[in-house]
Each structure stands twice: as structure tokens, then as C-alpha cells.
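Data block below; observations after.
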Amino acid sequence: MSVKRLLRPIIVWALGVSVRVKIMGIALGLVLLLGVGAVIQVQGVTRATFTREMDERALSIARDMAARAADFILLEDFVALRDLVLETLASSKDVRYILVLDGRGNVLAHTFGHFLPPDLQPANAGNQYTGGFRIQRLASEEGILRDVAVPIFQGRAGVVRVGMSEERLEQTLTRTTQQLLLLVAAVSLLGVLAAYLPTVILTRPLLELRDLTRAVGRKVFSSRAQVRFGDEIGQLATAFNAMVENLERADAERSHLLDELRVKEQMRLQLLDKVISAQEDERKRVARELHDETSQSLTSLLVGLKVLGSVVDLPEVREKAAELRALGGKILRDVHDLAFQLRPSLLDSLGLAAAVQRLAEDYAEKLGIHIDCHAVGFEGRRLPPGTETALYRIVQEALTNVAKHAEAKNVSVILREGEASVLAVVEDDGKGFPVAEVMGSAAKDKRLGLFGMEERAALVAGKLTIESTPGEGTTVFVEVPFEQ
Amino acid sequence: MRRGPLGHPRATGRCSGSEDRERTVRHLKGLSALATLSLGVFLLAGCSEQDEPPRVRLWALAPPEVTPTDADSRVPLRFAVALAVSPQEGYQLYGDLAEALGQKIGRPVHLILRRAFSEVNDLVRSREAEMAQLCSRGFLQGHADFGLTALAVPVVNRRKSRPSYVIVSAESEIGTPAELAGKTFAFADPLCAPEAFPAGRGGQRPEAFFRRKLLITGHDRAIRAVAEGLVDGALVDGLVYARLALTDPGQVAKTKVIGETAPYMNPPVAVHPGLDPTVREKLRRALLTLHEEQTGRAVLTRLAIDRFAAPGGEVDGRGR
Chain A
8 MSVKRLLRPI IVWALGVSVR VKIMGIALGL VLLLGVGAVI QVQGVTRATF
58 TREMDERALS IARDMAARAA DFILLEDFVA LRDLVLETLA SSKDVRYILV
108 LDGRGNVLAH TFGHFLPPDL QPANAGNQYT GGFRIQRLAS EEGILRDVAV
158 PIFQGRAGVV RVGMSEERLE QTLTRTTQQL LLLVAAVSLL GVLAAYLPTV
208 ILTRPLLELR DLTRAVGRKV FSSRAQVRFG DEIGQLATAF NAMVENLERA
258 DAERSHLLDE LRVKEQMRLQ LLDKVISAQE DERKRVAREL HDETSQSLTS
308 LLVGLKVLGS VVDLPEVREK AAELRALGGK ILRDVHDLAF QLRPSLLDSL
358 GLAAAVQRLA EDYAEKLGIH IDCHAVGFEG RRLPPGTETA LYRIVQEALT
408 NVAKHAEAKN VSVILREGEA SVLAVVEDDG KGFPVAEVMG SAAKDKRLGL
458 FGMEERAALV AGKLTIESTP GEGTTVFVEV PFEQ
Chain H
646 MRRGPLGHPR ATGRCSGSED RERTVRHLKG LSALATLSLG VFLLAGCSEQ
696 DEPPRVRLWA LAPPEVTPTD ADSRVPLRFA VALAVSPQEG YQLYGDLAEA
746 LGQKIGRPVH LILRRAFSEV NDLVRSREAE MAQLCSRGFL QGHADFGLTA
796 LAVPVVNRRK SRPSYVIVSA ESEIGTPAEL AGKTFAFADP LCAPEAFPAG
846 RGGQRPEAFF RRKLLITGHD RAIRAVAEGL VDGALVDGLV YARLALTDPG
896 QVAKTKVIGE TAPYMNPPVA VHPGLDPTVR EKLRRALLTL HEEQTGRAVL
946 TRLAIDRFAA PGGEVDGRGR
């Protein structure tokens, strides 16, 4: 548990390093692991081989010594024994010392001169030999020594001890280890260098993608990821570029819609303003109409009735009464007209076709032009009141525009009821106008009427289309869907 | 706008390249520290030793220690032997004899081995050895020089004298000493063995007779040299040949005797003329009665000796 807790920050740190460091770390780690493993293995194998070889050599030297020394000892020829010992020391590699002891442990010959290291004589002592020899490792100022003891003449003539120095082994090991470590260092360096290039190649596109993603986050869509190869990173870059393109397009559309919305919002405000003012104008007109026409007529009627009261002659009364009835009839018509203008009752009572027919007749009469009105379908069926009102007002606005601007001689109004929609077409042979120019014009009042028509159509989910070319008349299409 | 290597636009992020590099360098430093740590752990693990060996100081020198001798304070009797065999063979043979004698005289007998009878004579003359066994020629020289006195003579095959043998390989076609002319020949101990080689050519020097004449130390070694085909023939002591036939019959079987010298006295056991008569008598008695005890008989059997007899006259005819 505690090990896990200790390892956790290391793992978190290791996972948090950059991809470059990870890849180079893996390469470096593998090389180091291999190198260290090789060093340890080589050290172990070299040490074991060297030690075994050294033991075998020591044993060979000691056995040879024991065989040759036996006669000298038995014949008490200690000069020859010393010569043998010195000669063997001189001719043998790695031999640090040779001791010849008698059966009691007294030194018969050695290679140290007059005196002897006092610790050496009792070391590796005993009468037990495994396989005819005994090996004892000894630690000295010069490093580890391997003391090999071989009995002379089955131990009856003593023992010969050969001390082998591990100095050459240690030197060889140190040299080998140094060379291997140098090699490991060189290979590590090469490994890091070799890993660096692919790492850069691999991670550069990723870093670019990261920077690009940040740029896209700041709505900079102009940059694209570089697709170098067809690998996963290349595919990622391609997908990223496609995404950026989609985002850019979506952002452009959004900006466009936002602009349109802003313009529409402005238009709507103006329309509202115009509606309010039109309402006021209408009230003024009704008030003026009531005051100037109806009120005056009623005043004339009252005066005529007063005069009638003073007339005594019956024929004159009858004449005055007839005048007054005519006056009353005129007042009634005026009031009726006024009411119709405010809200065509035909629309409520007879439906869209009849109301538009009446509207067309009114305008034809008022403008003195020929208005042809056709209604197709509408076989006694009624559309939703909102749809009827919207279409009526759109046709009314279109005819008003004809009256105001078109200078047309002939106008055609067509209503056609389909399966799921009703189409109204108002076509004139007037002077026409550049639709795109006018719709995009800065003079908002010029296109406010058209915008109002569009708004009315949009309120009932309809679509308004205006086709016009200067000098060739104008056609207004409006199609409104309805549920049956 | 910056562009990439292939002309693509390259965005510049908030996190700049130098920031990346700094972070990478920081991480690399951490990584190298971790690697160094692991390396150290690995190396330390590899360098550890299992056990600590005993310490010796090679540079602190002192006189060698001398182990005190045994508690046995009796003065040993020194017995010098001039070897006719190799020292190790001699040590084994005469070691047992010395011990048996020691038991009989109630005093330790210290064995001193020498190759040449002259060395043995020197030891006895200088009183460095009280008793000696040496070849008859050496004894005669010692007797003449300082009065070396014989105590006993080994009896072998009921005889106090024996010849030396001329031997060749058992597989050899050589049947007589004369056929060894122009061959390689080994002498084991020219000082003790008679100079005259029984080739039947009357006084011809061996150097002229043989193609090559070798000196091999120890009669047992000379027998082995013939058995293993190192030399064509050898002149060896009859007593040693008889003994080796007992201890190593395989080797002896590989040889055959094709001639012999005139017999001469078996190597006597002798003492300094000035030796304490009591000791001398004890020794004489011990030697002459050695064959009467089991231990002594075993020792004598190993030496291929029937018994020790008083010097003078032949044993033959006086019973076994």
C-alpha cells in the first residue's frame, strides 16, 4: 500500500511528461536497462570465469609445488625448497605468495624474505581437504586473495599454500566495466539522438494541432493543419481540417444570420412604429370622416327635420321627407363604407375569395383600372381565420403598392387553394422595380411595405416571393400552408 | 502569418515553442536523475558480496611462528638412511621401521633421509645421526673413515647379500645383457652399484657400450622407466626389485631380468663407534629380534626383508 503511495507521484509525473520525453525516455531507459544488464552479466560471468580459471591455475601450481617439494622436505633440502618456491613465484602469474609449512604448521619456505605476515601463517589452516585441496578467500590491503592449500605427500610432509591475487581480475573487471559503461553511454547518446528525430517527426504535427486547436478556440479559422503522411496523425490532421472548415462555415452562417436578424429586428421596430402611426392615422381618418361627413350629414338631417316640422304644406312635407330619407340613406352608406374599410365583414361572412373579389372591385373602381380577379378551389371551404386575414392584407398591400407605384393598366389577382396550401398571386403590367436593389436599399421606408408583407406571410408560416423587372411589371407570390 | 515548411499556415498558440522546450528540458532532467538512481541501485546490487573473508595484513611482517615440539621430552635417536628408492617411497618404508625400532628401544627414532651414502656418513661422523643404513660400499667407506660399526644386516631370501639385476621390458626381444649394446640404459645409483656391467665384454666402459647412459634417482624409478619403455634397460638393486614385486607387482610384471651382477652385501644398519654401548646394545637387540614380533614382522615384510642378522658370514646353511 505504502509502496503504491510512494510510486503514485512518480507514475503521475511519468504520465504527465511530454510525448517527446516519453519516447526518448523509453529509448534511453531501454538502452540503459540493456547496458546495465550487460554490465552486471559481463561482470558476473567474467568474475566467475576468472575466479574459476584462477583457482584451477592456483591448484595446478600448488599441486606441482607439492609434488616437487615432497622430496626436498623429506630430504630436508630447504635451500632447494626455497629455490623452488621463489622460482615458482617468479614464473607464475597472479601468484602473490607461496608458503610451505610442515605437518606442525612451521614455515619451511616462503616468498616474503626473512619475515612473514603474521596473520598469514595461521590462515586457511586445518587438515580437511575437499578434493585434495582447500580454498580460502582472504581480505588484504592489496584486495582479495585466494589462498589454495594442497597437502604434501598426503599431508605427512606438510602443506603448500599458494596465494593468488585478484588484483588483475579487479583491474580487468574495472577496465571491462569502464569500457562497457562508456559503450552504454555512447549507445545511450546515440539512442537519444536516434529517438529524437522520429520523436520530433511524430510530435511536431501533434504540437501543431494543439496550437491550431487553441487558435480555433479563439475563433481563428484561417489556419490549417499540415497533412504530411497518411498515418493516424495525418488522418487526425485531415479530420481536424475538415472540422475547422465546418466550424468556419458554421461561424460564417451564424454571423450572416445574426446580421439578418439584426436588420429584421430593426425593420420590425420600424414596422411597429408604422403600425402605430397607421393606427393613429386611421383613427384620425375615421374621426375626420365622422366629423366632416357623417356629422355634417346628420346635422343636415336634423336641420331638414326641423324645417320639416315647420312646413305645413303636405306635398312639400312629402318632398322634404323624401330628401331626408335620401340623406339618411347616404349617411347609412357612409357609415357602412367606413365600417368596411375598418374591417371587411365579407371576410368574416363569405370568406377570402369573396372579400378579395370585393377588394379588387373597390380598387378597380377607385383607381379606374382593370382588375381581373380569379379564385380557384375554395369550394365552400374556409381557411383558418389568421391565414385568411394575412392573405387578404397581403393582397390589399400589393394592390396599394400597385396604386401607389406601379402605374399599371391591368392587374390580375389569382387565388388558388391547393391540397395543403393556398397561393395568392398579384400581377401587374406596371413599371416594375429592381427587387434586389430595393430590398437591399438603405431607404428603409421604401421597403417597409414589402417587409410588412413578408412578416405577415411568415406569421402564418407562408413564403412571399416578389418577381419584378423594371418596365415589365411585378408579380407577388405568396403561398401559405394550412392544415386540413 | 507564420507558415509551415510546406507552405501551410501555422497558427501561433499561446504556449510558445520555448515554453515546450523548457518543460521538455525539465522533464529530461528528472528522467536522467531517475535513470542515474536506477543505475546506481543496479551497480550496487551487482557489487555486493555475500560474505566477508578473514583479513590478513600482507605488509606487516614478523618472524615466522614456531610450533613447540611434542610434550615427549625424550631425546630422539636419529636414524639416517641413504635411499636406494625415491624419498617418498623411502619415507614410507623406513618411517615404519623407525617407529617399530622406537617402540622397541623405548625412545623415539627420528628418520633422516639422504640420497648419497656420503651424506649419511657425514651425519654419523658429525654425530648428527646415531644410526644409519647405507649401501655396503658406503658402509665400507665409513668403516674405513671413522670406524662405522655394523649392527645388523638384512637377510633377504635367507641371504645377507644379493646381486643387482639387469632388467628390460617384458615385451622386449632382448634376452641377454650383450644385446643391450647400442641401447639406452639407466643406472639408478652408480655409486652404490658395481661399475662393471655384466655384458660379458670384459672391461668395456658403459659409455662406449650403450647408445645412451642415464642416471635415474631411485631404483624404483629406474624399474618404472623400464616398465614404461622410457629406457631399454636398467641396472637395479636386487633388494628394491624384490620389494617392488611385493608393493607394485604390476610394474614389475612389465619387466624381466636378463642378467645380474655378482652378489654383494645387503645394506647394513650401522652406528658411530662412539655410541653409548647401552644404546648400541639396545639397538642391536631390537634389530635382531624385530622379526619375532608381529609389528616388526609386518614392517620387515614391507621392506622385503626376512629379518636382521648379525654381520659376518652368510646366513645360508644356518637355517631360516
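Going down the list, the sequences are from chains A and H.
No gaps in the numbering here: position 288 of the first sequence is 295 in my numbering, and each next residue is one more.
No gaps in the numbering here: position 100 of the second sequence is 745 in my numbering, and each next residue is one more.
Beta carbons are placed, not taken as given, at the ideal position from N, Cα and C, and that holds for glycine.
- Using a Cβ-Cβ cut-off of 8 Å, residue 709 of chain H is close to 113, 114, 117, 122, 123, 128 of chain A, given in chain order.
- Close partners of residue 247 of chain A in chain H (Cβ separation under 7 Å) are lacking, with about 11 Å as the shortest Cβ gap.
- Spatial neighbours of residue 942 of chain H in its own chain (CB-CB distance under 7 Å, excluding positions within 5 residues in sequence) are listed in chain order as 936.
- Inclusion of residue 129 of chain A and residue 706 of chain H in the CB contact set at 8 Å is not warranted, their separation being larger than that value.
- The secondary-structure analysis by DSSP pairs residue 434 of chain A across a beta bridge with A/419, A/482.
- With a cutoff of 8 Å on beta-carbon distance, residue 796 of chain H and residue 907 of chain H are scored as not near each other.
- Per the Cβ contact rule, the region 733-750 of chain H is not in contact with the region 796-813 of chain H (fewer than 3 Cβ pairs under 8 Å).
- Secondary structure of residue 84 of chain A (DSSP, three-state): coil.
- The Cβ of residue 193 of chain A sits no closer than 8 Å to any Cβ of chain H.
- Here residue 372 of chain A carries a helix assignment [DSSP, helix/strand/coil].
- Exclusion of the five residues before and after residue 458 of chain A leaves 274 as the residues of its chain whose Cβ lies within less than 6 Å of its Cβ.
- Among the residues facing chain A, residue 753 of chain H is not included, as its CB has no counterpart in that chain under 8 Å away.
- Inclusion of residue 784 of chain H and residue 825 of chain H in the CB contact set at 8 Å is not warranted, their separation being larger than that value.
- Residue pairing for residue 102 of chain A: DSSP places it in a beta bridge opposite A/171.
- When rounded, the separation of the alpha-carbon atoms in residue 95 of chain A and residue 107 of chain A is 12 Å.
- Neighbours of residue 712 of chain H across chain A, judged by C-beta separation under 8 Å: 111, 112, 113.
- For residue 931 of chain H, the enclosing alpha helix (DSSP H) begins and ends at 922-933.
- Contact of residue 148 of chain A with chain H by beta-carbon distance below 8 Å involves 702, 703, 704.
- Residue contact check for residue 888 of chain H against chain A: no CB pair falls below 8 Å.
- Distance from the CA of residue 779 of chain H to the CA of residue 146 of chain A, rounded to the nearest whole angstrom, comes to 50 Å.
- Counted as a single uninterrupted DSSP element, the stretch harbouring residue 761 of chain H is not any beta strand (DSSP E), since DSSP gives it neither H nor E.
- Residue 739 of chain H does not reach chain A, its nearest Cβ partner there being about 10 Å away, counting only Cβ pairs nearer than 7 Å.
- In this structure, residue 489 of chain A places its C-beta atom within 8 Å of the C-beta atom of residue 394 of chain A.
- DSSP places residue 740 of chain H in the helix class (H, G or I) of the three-state scheme.
- In this structure, residue 726 of chain H sits near residue 756 of chain H, with a CB-CB distance shorter than 8 Å.
- Residue environment: residue 233 of chain A is assigned as buried (16 or more neighbouring CB atoms within 10 Å of its CB, all protein chains considered).
- For residue 770 of chain H, no CB of chain A lies under 8 Å from its own CB, so it is not counted at the interface with that chain.
- Less than 8 Å divides the Cβ of residue 46 of chain A from the Cβ of residue 188 of chain A.
- Looking at the backbone, the Cα of residue 739 of chain H and that of residue 719 of chain H are separated by about 21 Å.
- Under the three-state reduction of DSSP output, residue 808 of chain H falls in the coil class, being neither helix nor strand.
- In chain order, 698 make up the part of chain H whose C-beta sits under 7 Å from the C-beta of residue 144 of chain A.
- Along the region 72-93 of chain A, going in chain order, the ones with a CB nearer than 8 Å to a CB of chain H are 77, 78, 81, 82, 83.
- Just so you know, the alpha carbons of residue 352 of chain A and residue 375 of chain A end up roughly 24 Å apart.
- Residue 913 of chain H is outside the set of residues whose beta carbon lies under 8 Å from a beta carbon in chain A.
- Residue 832 of chain H and residue 70 of chain A have their C-alpha atoms spaced approximately 29 Å apart.
- Taking C-alpha positions only, residue 122 of chain A is separated from residue 704 of chain H by approximately 10 Å.
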